[in-house]
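What follows is a single structure, written as structure tokens, with notes after it.
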Amino acid sequence: MKQIADLHIHSKYSRACSPQLTLENIDKTCRIKGIDIIATGDFTYPDWFFDIKNELQELKGSKGLYKLKSAEDDKVRFLLSTELALIYKKNNKCRRIHLVVHAPNIKAVEELNKYLDKKYNIRSDGRPILGMSAEELMKLCLSIHPKFLIYPAHLWTPWFAVFGSKSGFDSMGECFGKYTENIYAYETGLSSDPEMNWRLSSLDKLTLLSNSDAHSLPNIGREANVFNLKEISYDEIYDVISLRESRATNAAHANRKNKSYLDYTIEFYPEEGMYHYDGHRECGIRFSPEETKKQKGICPVCKKPLTVG
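Under the working numbering, the first residue of the sequence shown is numbered 1, with each subsequent residue one higher.
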């Protein structure tokens, strides 16, 4: 069955996000836009997690997916998710990374939140900043449940991404260490599309995902993933992503009658993304990579290093 899934959005409790991002409004928006599976976002934030537990109910035939209790049907299914910001030092170097985290059930989220609430401030923002490494987070989540699904958000964003120019990483291995083998996917982000990512051979074995990272209702579904699922459940989505049947070219070789797969992604116009090109917004400077090299990475207006997109 064809299912359009947007696996990364935020709630009204995240910084710079619309107060209209309630579960009821998200459900309504998904019905208008044709989104079948939507991320809850922000499950570490206590007030939002309270709403999740009280306004959603697990579907009997779709283990690990939830529906709005007040909805007449289950056309829109919610998948437990959050985005975590990690800032820490490793080898005397500051590291910054945003990770998308999907959980298999409410109990797993409760255990994760209980641990994080003891050590970090998860009440300040829907996307909390944690002073722990990516390896530590992987170890923690997988010790709670082996089917936590974790992957890098917006892979190329300068400030908080594995391949961001200012994040402190140059490879998946440098970021995730011995847990690199447990990273099955990556998120393209709005400023890149699949063709751009396929140029990097080290990503070939990973599942390419595109999500909206919506901060408001109109942005839901601006990027999404189109799955063909034999069974609509968290486990089925997890298995498709972890088995790395990510591209339509790979799916074409699968037995489509007997196997679930990720068929294709719905893409935002990458040139409109905030970090598609290099530059300085305040200085009104926007450069292609070739122009950045000519300028030796320096802004011609303020004479400071350019932000490389």
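Glycine included, C-beta positions come from ideal geometry on N, C-alpha and C.
Residue i vs residue j beta-carbon contact at 8 Å
i, j, result
"Val109", "His8", "no"
"Pro104", "Tyr184", "no"
"Asn211", "Glu187", "yes"
"Leu262", "Asn225", "yes"
"Ile150", "Leu112", "no"
"His154", "Gly126", "no"
"Ile37", "Arg77", "yes"
"Val162", "Cys141", "no"
"Thr265", "Pro194", "yes"
"Ala56", "Lys69", "Reading the sequence as shown, one finds Leu at residue 56 and not Ala. Yes."
"Lys33", "Ile106", "no"
In DSSP terms, what residue i is bridged to
i, result
"Asp278", "Phe287"
"Phe78", "Ile38 and Tyr66"
"Pro218", "DSSP lists no partner for Pro218."
"Phe227", "Gln3 and Leu262"
"Leu209", "Glu187"
"Tyr151", "Val100"
"Pro305", "Ile298"
"Ala85", "His98 and Ile129"
"Gln57", "Lys67"
"Ile9", "Ala214"
"Lys93", "Lys90"
Residue i versus residue j: straight-line alpha-carbon distance, rounded
i, j, result
"Ser165", "Cys17", "25 Å"
"Ile237", "Asp6", "12 Å"
"Ile298", "Phe160", "21 Å"
"Ile285", "Lys296", "14 Å"
"Gly97", "Gly279", "First, the residue type needs correcting, since residue 97 is Ile and not Gly in the sequence shown. Their Cα atoms are separated by approximately 21 Å."
"Ser192", "Trp156", "8 Å"
"Asp213", "Phe268", "11 Å"
"Met1", "Ile35", "13 Å"
"Gln20", "Lys294", "45 Å"
"Tyr179", "Met138", "7 Å"
"Leu23", "Thr292", "43 Å"
"Leu130", "Tyr120", "6 Å"
"Phe43", "Arg15", "14 Å"
"Thr249", "Cys283", "With a pLDDT of only 46 at Thr249, under 50, the local geometry of the prediction cannot be trusted, and the value read off the model is given with reservation. About 42 Å."
"Pro46", "Lys303", "44 Å"
"Ala134", "Lys28", "35 Å"
"Arg95", "Gly168", "5 Å"
"His253", "Ser260", "With a pLDDT of 46 at His253, under the threshold of 50, the predicted position of this residue should be treated as unreliable, and no value is reported."
"Gly177", "Leu79", "27 Å"
"His124", "Ile241", "Note that residue 124 is Ser in the sequence shown here, rather than His. Distance between the alpha carbons of Ser124 and Ile241 is about 31 Å."
"Leu243", "Lys114", "30 Å"
"Pro305", "Phe287", "12 Å"
"Asn197", "Leu203", "7 Å"
"Pro158", "Leu206", "21 Å"
"Ile232", "Pro146", "20 Å"
"Val301", "Lys93", "29 Å"
"Asn228", "Asn258", "11 Å"
"Tyr13", "Phe50", "12 Å"
"Ser246", "Pro152", "Residue confidence is low: Ser246 scores 46 on pLDDT, short of 50, so the model does not pin down where it sits. No coordinate-derived value is stated."
"Ser11", "Thr40", "8 Å"
"Lys118", "Asn182", "26 Å"
"Ile4", "His215", "19 Å"
"Glu223", "Leu217", "13 Å"
"Ile122", "Glu136", "17 Å"
"Pro289", "Leu116", "40 Å"
"Arg31", "Asp74", "10 Å"
"Tyr88", "Asp170", "16 Å"
Below-8 Å beta-carbon distance, residue i vs any chain B residue
i, result
"Cys175", "Among the chains of the structure shown, chain B does not appear; only one protein chain is present."
| Does the pairing of the segment 51-65 with the segment 82-95 give three or more beta-carbon distances under 8 Å? | no
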